[in-house]
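Each remark here refers to the structure printed beneath this line.
Residue numbers (UniProt numbering): 1 to 346.
Have a look at this one:
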């Protein structure tokens with residue numbers, strides 16, 4: 001028997017995409033595993049559904065005759081909210097890298113029924129009804145679900161939460177308080193929003209998404225008015241950026257966009273962190289490169305290297321630019337610096 005293709009939106013939902021458009025462009029979807037296939041066919045249908053609606057992951061589902069899975073989803077450009085109800089399974093991502101901008105997200109999970117564990121970066125949290133946690137969809141993770149479970153999943157661009165929550169990368173796979181305070185408000189809001197996703201207009205959906213993202217960010221602690229805590233988190237983030245720069249200093253392709261993609265923090269925010277040191281990200285990179293070049297040129301053990309070899313070694317691929325910025329920094333040419341053993345002119 002041949003399984004049916006992924007269905008279009010259920011009656012009353014927004015129209016399906018035009019021919020050739022990806023499924024994820026749909027703003028209002030309701031998809032359910034057909035019941036008229038074998039267990040293996042139903043599981044394969046579910047794998048394809050998760051792949052196309054969420055992320056490129058592996059799914060290991062328990063082979064049971066009553067296997068089921070269904071998704072209701074609504075999206076706008078700011079956020080996607082889904083309610084998922086399915087059988088026991090595991091979801092695994094073993095590698096790091098977003099397949100596309102569509103996958104470059106954080107997934108927030110609010111458990112409604114059953115249980116789930118979220119494992120990432122050596123941390124693991126177990127969720128029961130009412131619990132909330134978040135994980136980075138671009139990095140390796142392992143999700144383990146109980147026999148029958150139901151949850152709300154919100155998908156938010158990583159750049160958005162990284163801007164709102166200082167040290168966001170440290171908050172994945174961690175327990176989050178939803179019993180009182182703003183966490184309780186966030187939990188109730190997501191439950192109500194999920195129940196009404198087929199009833200609100202596109203403009204209302206955008207406004208609701210703004211509120212949901214703000215509540216999630218506040219719950220995660222990024223908007224707490226604790227200057228000391230924020231200062232410490234900024235220092236940790238800046239240290240992380242500097243470490244990444246040092247590790248890739250030799251790469252001539254090192255630039256703000258490359259660093260932004262690798263670390264998951266916008267270059268604009270990184271430059272704001274460097275403002276405290278009265279510099280910028282790329283000025284920091286150039287200064288480090290010049291310092292390493294100056295050290296090598298003054299080092300007798302590097303005497304066999306040409307000046308151009310030293311420059312290339314530390315990421316400079318334009319010799320005229322290298323000579324100019326070196327002279328600006330050290331008030332002499334690279335060759336003169338080498339001849340004087342790295343000592344400034346008297």
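A virtual CB, placed ideally from N, CA and C, is assigned to each residue, including glycine.
Between residue 106 and residue 134, the C-beta gap is smaller than 7 Å, which places the two residues in contact.
Counting C-beta pairs with one atom in each stretch, the segment 296-308 and the segment 264-276 have fewer than three that are closer than 8 Å, which means they do not touch.
Only buried fits residue 131, as 16 or more other CB atoms lie within 10 angstroms of its CB.
In the three-state scheme derived from DSSP, where H, G and I count as helix and E and B as strand, residue 314 is classed as coil. Per DSSP, residue 298 lies in no beta strand (DSSP E) segment; the continuous alpha helix (DSSP H) that holds it begins and ends at 281-298. As computed with DSSP, residue 106 is found in a beta bridge with 136, 156. Residue 315 is not a Cβ neighbour of residue 335, given a cutoff of 7 Å. Shown here, residue 70 sits in a strand according to DSSP, grouped into three states. For residue 153, the closest alpha carbon among the candidates 166, 188, 84, 177 is that of 84. Residue 29 sits away from residue 137, with the two beta carbons spaced by 7 Å or more.
Residue 342 has its alpha-carbon roughly 5 Å from the corresponding atom of residue 298.
Collapsing the DSSP output to three states places residue 28 in a strand. When C-alpha distances from residue 122 are compared across 112, 141, 110, the shortest belongs to 141. Per DSSP, the unbroken beta strand (DSSP E) holding residue 81 starts and ends at 80-93.
In this structure residue 162 is buried. Its beta-carbon is surrounded by 16 or more other beta-carbon atoms within 10 angstroms.
In this structure, residue 124 sits away from residue 213, with a CB-CB distance that is not shorter than 7 Å. Per DSSP, the continuous alpha helix (DSSP H) segment holding residue 272 begins and ends at 267-275. The three-state secondary structure of residue 126, taken from DSSP, is strand. With a cutoff of 7 Å on beta-carbon distance, residue 88 and residue 118 are scored as not near each other. Around the beta carbon of residue 246, fewer than 16 other beta carbons lie within 10 angstroms, which makes this residue exposed. Contact between the segment 204-219 and the segment 232-249 is absent: fewer than 3 CB-CB pairs across the two stretches fall below 8 Å.
Excluding sequence positions up to five before and after residue 330, its CB lies within less than 8 Å of the CB of 290, 294, 337, 344, all in the same chain and listed in chain order. CA-CA distance, residue 311 to residue 263, rounds to 26 Å. Between the segment 167-179 and the segment 68-86 there are fewer than three inter-stretch CB-CB distances shorter than 8 Å, so the stretches are not counted as touching. Counting along the chain, the unbroken alpha helix (DSSP H) around residue 184 starts and ends at 181-195. Sixteen is the threshold: when 16 or more other Cβ atoms of the shown chains lie within 10 Å of the Cβ of residue 296, as they do, the residue is buried. Among the bridge pairs identified by DSSP, residue 45 is matched with none. Nearest to residue 211 by alpha-carbon distance, out of 67, 64, 192, is 192. DSSP places residue 171 in the coil class of the three-state scheme, outside both helix and strand.
Between residue 166 and residue 234 the beta-carbon gap is near 6 Å, inside 8 Å, which marks them as a contact.
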